[in-house]
Amino acid sequence: MTATRFTSEVAVGGGRCPVAQGMPDRPTGPDMTVSAAWRDARIVRTYGPDVAKALAARAAAKARSRLVGSRGRKDVQLTDFDPFDPATAADPYPHYRELLAGERVQYNPKRDVYILSRYADVRQAARNHDALSSARGVTFSQGRLPFLPTSDPPAHTRMRKQLAPAMARRALEKWRPMVDQTARELIGALLTQTPADVVATVAAPMPMRTITNVLGVAASDEAAFCRLSNQAVRITDVNLSVSGLVSLLHGFTGFRRLRAFFAHRRDNGLLRECTVLGQLAAHAEHGRLSDDELFFFAVLLLVAGYETTANMISTLFLTLADYPDQLRLLAQRPDLIPSAVEEQLRFVSPIQNICRTTRVDYPVGKAVIPAGSLVLLAWGAANRDPRQYDNPDVFRADRNPTGHLAFGSGIHLCPGTQLARMEGQAVLREIVTNIDRITVVEPPAWTTNANLRGLTRLRVAVTPRATP
Numbered sequence: 005m006t007a008t009r010f011t012s013e014v015a016v017g018g019g020r021c022p023v024a025q026g027m028p029d030r031p032t033g034p035d036m037t038v039s040a041a042w043r044d045a046r047i048v049r050t051y052g053p054d055v056a057k058a059l060a061a062r063a064a065a066k067a068r069s070r071l072v073g074s075r076g077r078k079d080v081q082l083t084d085f086d087p088f089d090p091a092t093a094a095d096p097y098p099h100y101r102e103l104l105a106g107e108r109v110q111y112n113p114k115r116d117v118y119i120l121s122r123y124a125d126v127r128q129a130a131r132n133h134d135a136l137s138s139a140r141g142v143t144f145s146q147g148r149l150p151f152l153p154t155s156d157p158p159a160h161t162r163m164r165k166q167l168a169p170a171m172a173r174r175a176l177e178k179w180r181p182m183v184d185q186t187a188r189e190l191i192g193a194l195l196t197q198t199p200a201d202v203v204a205t206v207a208a209p210m211p212m213r214t215i216t217n218v219l220g221v222a223a224s225d226e227a228a229f230c231r232l233s234n235q236a237v238r239i240t241d242v243n244l245s246v247s248g249l250v251s252l253l254h255g256f257t258g259f260r261r262l263r264a265f266f267a268h269r270r271d272n273g274l275l276r277e278c279t280v281l282g283q284l285a286a287h288a289e290h291g292r293l294s295d296d297e298l299f300f301f302a303v304l305l306l307v308a309g310y311e312t313t314a315n316m317i318s319t320l321f322l323t324l325a326d327y328p329d330q331l332r333l334l335a336q337r338p339d340l341i342p343s344a345v346e347e348q349l350r351f352v353s354p355i356q357n358i359c360r361t362t363r364v365d366y367p368v369g370k371a372v373i374p375a376g377s378l379v380l381l382a383w384g385a386a387n388r389d390p391r392q393y394d395n396p397d398v399f400r401a402d403r404n405p406t407g408h409l410a411f412g413s414g415i416h417l418c419p420g421t422q423l424a425r426m427e428g429q430a431v432l433r434e435i436v437t438n439i440d441r442i443t444v445v446e447p448p449a450w451t452t453n454a455n456l457r458g459l460t461r462l463r464v465a466v467t468p469r470a471t472p
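So for the sequence shown, my numbering puts the first residue at 5; every next one is plus one.
Listed below in structure tokens is the structure:
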């Protein structure tokens, strides 16, 4: 079975939104190298200084921290928890249990970062945008870009207002037929290919086809768009190391190519207003969004709509392989599918952590985090906090973990929440309907991104469900 790509015409129910025409993902012709290098240099000139300043500030803060040591950090527990450590990235949960068993505020002197891991503390910090700022960056690199996640009110309020109508639940309903059929085709294809890598066959193509439709990217551009998105997302995994700087450079190149990709569509009138990006482009034309803000909206929708959803779907297969009794329960109780998707988001949060910077001295219990400090909000740990959830290290399809933090909390709640849920439920519905058992046939391979948790490879064999 081959998957049929839905155009936006099908998604909206008839003829109102022709799909964009194709375009190569890189320049062609004799000046390809020179022009590409010039554009790369422009991107670096535009955004590089802020990132460089942030990296330099982080280095200076770490140096000061080494001089100060643990003095003045009353009621703060020292920890060696380091999400950049490959072993930690591969399996963070033993480390989360240690964090959760310790003090409310912990401090890693190597990374010069304060860590909040308890559910109540993480949720409160995420919602307190007056005391904790996102504008200095939400990753360890603290890169400052004109980006919805890295902004505070009133800029954040203005940008969010532009995006909200297009990403509301009612507005996204027009994409449900496309999402449901894509899930049906991908699971159908998996049944004919087993054993197979479900990352390549289901988890990656599902959100990519969805987000390219929603953004208005042509079917012929899907492969190029996927390559560019994988390259651009590396900018979220920057740290003070040679590998971190290499990742940063790759990310800048990906950003440049994505910018050219979307600029071509905007400049040639290929962003139809029935797509999310088309609506945002109309806002830009009327002066409500800058060109930079429009581009970074596209990047946001890419990360929120592709990377995190692919992570959710890939780990869902692994969870169901580990918990065959829950797959049987869902076959008997398909009404639990929405609850099971929420439980999967809690159980293996696609975004494991995010950072804030304190504007003022910030008290947590008896401890005080000094103003100007980097604070890591450990979503992944908070969603496994036994103070909030009974037996948190166990997946239960009927748990219905209302209030989990997989999508964040407060004004920075992920704008792609409804679309991710729609996709997760569509895939799980097809799994429950068509698959009796999932068996992992090779050890899974995990991403090493310090902020995201997902699989890069998961080979499974699936047993089809017998038809009545």
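Virtual Cβ for every residue (Gly too), placed ideally from N, Cα, C. No experiment lies behind these values; they were computed from the predicted model shown.
Three-state class that DSSP yields for residue i in the structure shown
i	result
residue 463	strand
residue 380	strand
residue 374	coil
residue 453	coil
residue 480	The chain is shown from 5 up to 472; residue 480 falls before or after that span and cannot be answered.
residue 25	Residue confidence for residue 25 is low, a pLDDT of 36 falling below 50, so the modelled location carries little weight; the figure read from the coordinates is stated next. In the structure shown, residue 25 sits in coil (DSSP, three-state: anything other than H, G, I, E or B).
residue 367	strand
residue 401	coil
residue 393	coil
residue 81	strand
residue 110	strand
residue 488	Coverage of the chain is limited to positions 5 through 472, which leaves residue 488 absent and any answer about it impossible.
residue 221	coil
residue 419	coil
residue 318	helix
residue 343	helix
residue 408	coil
residue 446	coil
With 16 other Cβ atoms within 10 Å as the buried cut-off, status of residue i
i	result
residue 173	exposed
residue 358	buried
residue 395	exposed
residue 443	exposed
residue 388	buried
residue 427	buried
residue 2	Residue coverage of the chain in this structure runs from 5 to 472, which leaves residue 2 outside it and unanswerable.
residue 166	buried
residue 467	exposed
residue 95	exposed
residue 279	buried
residue 458	buried
residue 129	buried
residue 465	exposed
residue 161	exposed
residue 398	exposed
residue 76	Caution applies to residue 76, whose pLDDT of 49 falls short of 50 and renders its modelled position unreliable; the value that the coordinates give is listed next. Exposed, by the Cβ-count rule.
residue 336	exposed
residue 379	buried
residue 414	exposed
residue 470	exposed
residue 445	exposed
residue 211	buried
Beta-bridge pairing of residue i - partner residues as DSSP gives them
i	result
residue 137	361
residue 441	467
residue 126	Partner(s): none; residue 126 has no beta bridge.
residue 118	111, 379
residue 355	456
Beta carbon proximity, residue i to chain D, threshold 8 Å
i	result
residue 109	No chain D is present in this structure, which holds just one protein chain.
For residue j and residue i, believed in contact at Cβ under 8 Å, the rounded distance
i	j	result
residue 122	residue 136	Going by Cβ atoms, the distance from residue 122 to residue 136 rounds to 16 Å, so no, they are not a contact pair.
residue 393	residue 374	Their Cβ separation, rounded to whole angstroms, is 31 Å, which puts residue 393 and residue 374 out of contact at 8 Å.
residue 208	residue 314	5 Å
residue 115	residue 86	6 Å
residue 101	residue 125	Their Cβ separation, rounded to whole angstroms, is 16 Å, which puts residue 101 and residue 125 out of contact at 8 Å.
Alpha helix (DSSP H) runs wholly inside the segment 163-215, at least 4 long, in chain order: 173-176, 180-197
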